[in-house]
Amino acid sequence: MIDSLGPDTIDQEDFSVIRRSLHTWPEIGFEEINTSQLIAEKLSSWGIEVHRGIGGTGVVGVIHGLDGGKRIGLRADMDALKIEEDNQFAHRSRNPGKMHACGHDGHVAMLLSAAKALAASRNFYGKVNLIFQPAEEGGSGAAAMIADGLFDRFPCDAIFALHNWPGLKTGDFATCPGPIMASCNEFRIRITGKGTHAALPHHGNDPIFAATQIVSGLQAVITRNKRPIDNAVLSVTQLHAGTSFNVIPDTASIGGTVRTFSDKVLDMIEARMRSISTLTAEAHGCRAEFDFIRQSGATINDEVQTELAGKVMKKVVGAANVDTQVEPTMGAEDFATMLRLVPGCYAFIGNGNGEHLESGHGLGSASLHNASYDFNDALIPLGSRYWVALAEEFCSQEN
Ligand SMILES: [Zn+2]
Ligand SMILES: [Zn+2]
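Structure below.
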């Protein structure tokens, strides 16, 4: 589909044009065929060594600097979301039901722009590994790349990632040492009782009654079992049972999510949820099957690398526009999986409050995962300058 844009619609120098073409043709996790093709072609055209098919559709570009120095990994995610775009401007999505509503189109553009500059200058010692990751949105693209030997084939002394952040002033940077994003976990509880006539409840074991007791009981894990100073959230988001007003059904199901900043707290929550679910069901003559799926761990920034990143951000946009102690969020990020193996820093770059949206935009908010969202192209040169300065600064350190 990238081909259908025609070769002369992409100005080699204009990364906002590339960003908008990615926005027009979004591809979801592990289906980033044309996106990775475009990335690989661009990198090759600038003389960068390209490796494809890492973790499915992942791409790694390697820029060799002068001998010596360190090896840095810079990550951009490439996938879109299953959202029908509300915007009507010219670069809106032309792939039905798919949309770059998290700005990964912009992340790719910022890293491509930096790649071109770094390849042209090679003003650094060591090596820059450009990591274009598939399936960040709950798809475990990071794990897929790692399983394919990402860090064995392209060893990195530290890794970095940048995410646009609506609500933060355009072009401001923010990060913090330690946890910056939470772990993302899903739970599913299936309760089996014994259905009966609604007027004769004593002939059955009501799974709906058991389910409601479980829903209330689960909140006690947060208020009664967790240390008050530890952060965690437990949200029940699904509760399904029954089809008729006069029938007590056989089964009921509960679903939801748990977010934490530490494995220790998560282990405790999972264990307590399991016993509350199974024992409460049992107390009401029912049986509960409890599944807990750990999708991604907490994103934990390394103190040393975060300090370095903060220093570089201040150089790029000035100290007044950088917050190096930003409040962590309970959202989750697949980059966490990479940070478990290699120290590094995940940071935010302000996408503004929506002033950048062009006429024809949808009427929803300009927040991430919203059908009216659009990446702010003003960030491309800023993000690119941060990547270049960070790579030069990091790689030129003594081994
Ligand atoms: Zn997202
Ligand atoms: Zn995202």
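Take the sequence shown: its position 197, counted from the start at 1, is 1016 in our numbering, and no numbers get skipped.
In this text, a Cβ means the ideal position worked out from N, Cα and C, and glycines have one as well.
State the start and end residues of the unbroken alpha helix (DSSP H) segment that holds residue i.
{"i": "S1203", "result": "L1198 to C1214"}
{"i": "D1153", "result": "Run containing D1153: none; DSSP gives neither H nor E here."}
{"i": "I965", "result": "G960 to A966"}
{"i": "P1026", "result": "P1026 to A1039"}
{"i": "H1188", "result": "Unbroken run through H1188: none, as it is neither H nor E."}
{"i": "H982", "result": "H982 -> not in any alpha helix (DSSP H); beta strand (DSSP E) instead, spanning A977 to P985."}
{"i": "M929", "result": "H923 to S940"}
{"i": "A1128", "result": "E1122 to V1136"}
{"i": "A859", "result": "I852 to S864"}
{"i": "S1094", "result": "D1082 to A1102"}
Could you please give the first and the last residue of the uninterrupted beta strand (DSSP E) stretch that includes residue i?
{"i": "K1219", "result": "One cannot answer for residue 1219 here, as it falls past the ends of the chain, which runs 820 to 1218."}
{"i": "S840", "result": "Unbroken run through S840 is the alpha helix (DSSP H), F834 to T843; no beta strand (DSSP E)."}
{"i": "R1007", "result": "C1003 to T1011"}
{"i": "G1074", "result": "T1070 to T1079"}
{"i": "D1110", "result": "R1106 to S1115"}
{"i": "G872", "result": "E868 to I873"}
{"i": "Q952", "result": "Y944 to Q952"}
{"i": "F970", "result": "Where F970 is concerned, there is no enclosing beta strand (DSSP E), although the alpha helix (DSSP H) it sits in stretches over L969 to R972."}
{"i": "N1170", "result": "G1163 to G1171"}
{"i": "A920", "result": "A920 -> no beta strand (DSSP E), and no H or E assigned at all."}
{"i": "P998", "result": "G997 to M1000"}
{"i": "H1021", "result": "H1021 -> no beta strand (DSSP E), and no H or E assigned at all."}
{"i": "L1160", "result": "That residue, L1160, is in no beta strand (DSSP E); it is neither H nor E in DSSP."}
{"i": "Q1057", "result": "A1051 to A1060"}
If residue i and residue j are in contact, beta carbons under 8 angstroms, what's the gap, nearest whole angstrom?
{"i": "G997", "j": "I1168", "result": "20 angstroms between Cβ atoms; not a contact."}
{"i": "V1040", "j": "R1091", "result": "5 angstroms"}
{"i": "T1011", "j": "D1069", "result": "7 angstroms"}
{"i": "A928", "j": "L1187", "result": "With a Cβ gap of about 17 angstroms, A928 and L1187 do not count as contacting."}
{"i": "A899", "j": "F951", "result": "That pair is no contact at about 14 angstroms."}
{"i": "T1079", "j": "A1117", "result": "7 angstroms"}
{"i": "Y944", "j": "S1215", "result": "5 angstroms"}
{"i": "V881", "j": "I867", "result": "7 angstroms"}
{"i": "G875", "j": "A963", "result": "6 angstroms"}
{"i": "E1005", "j": "I1112", "result": "5 angstroms"}
{"i": "S940", "j": "I1008", "result": "At roughly 56 angstroms, the Cβ-Cβ gap does not stay under 8 angstroms, so S940 and I1008 are not in contact."}
{"i": "A1244", "j": "A1155", "result": "Past the boundaries of the shown model lies residue 1244; the chain is included only from 820 to 1218, so the question cannot be answered."}
{"i": "V947", "j": "L893", "result": "7 angstroms"}
{"i": "R838", "j": "G925", "result": "6 angstroms"}
{"i": "D1049", "j": "V1084", "result": "5 angstroms"}
{"i": "A980", "j": "P1026", "result": "Not really, about 44 angstroms apart at Cβ, beyond 8 angstroms."}
Answer yes or no: do residue i and residue j have a C-beta to C-beta separation smaller than 8 angstroms?
{"i": "G848", "j": "G958", "result": "yes"}
{"i": "I1067", "j": "G1023", "result": "yes"}
{"i": "N1140", "j": "G960", "result": "no"}
{"i": "E955", "j": "D1153", "result": "yes"}
{"i": "V1145", "j": "F970", "result": "no"}
{"i": "E1212", "j": "L1127", "result": "yes"}
{"i": "A1210", "j": "I891", "result": "yes"}
{"i": "N1189", "j": "G986", "result": "no"}
{"i": "G1137", "j": "I978", "result": "no"}
{"i": "G884", "j": "A1001", "result": "no"}
{"i": "A1197", "j": "H1175", "result": "yes"}
{"i": "L949", "j": "F834", "result": "no"}
{"i": "T843", "j": "M897", "result": "no"}
{"i": "Q1038", "j": "L1019", "result": "no"}
{"i": "K999", "j": "K1045", "result": "The residue you asked about is not Lys; residue 999 is Ile in the sequence shown. For I999 and K1045, no; Cβs fall outside 8 angstroms."}
{"i": "P1147", "j": "C1003", "result": "no"}
{"i": "S785", "j": "P845", "result": "The requested residue 785 does not occur in the structure, where the chain is confined to residues 820 to 1218."}
{"i": "G1074", "j": "T1056", "result": "yes"}
{"i": "I852", "j": "D967", "result": "no"}
{"i": "K901", "j": "G922", "result": "no"}
{"i": "W865", "j": "N1170", "result": "no"}
Taking 7 angstroms as the line, does the beta carbon of residue i fall inside it for any heavy atom of ligand 3?
{"i": "F979", "result": "Of the ligands this structure carries, namely ligand 1 and ligand 2, none is ligand 3."}
Inset, instruction - Closer than 7 angstroms is what we want: which residues have a beta carbon that near any heavy atom of ligand 2? List them in chain order. - result: D896, C921, G922, H923, E955, E956, H982 and L1187
Inset, instruction - Report yes or no: do three or more beta-carbon pairs, one from the segment 1097-1107 and one from the segment 1132-1149, lie closer than 8 angstroms? - result: no
Inset, instruction - Report yes or no: do three or more beta-carbon pairs, one from the segment 929-939 and one from the segment 1192-1205, lie closer than 8 angstroms? - result: yes
Legend entry - the segment 1185-1194 / the segment 895-909 touching (three or more Cβ pairs under 8 angstroms): yes
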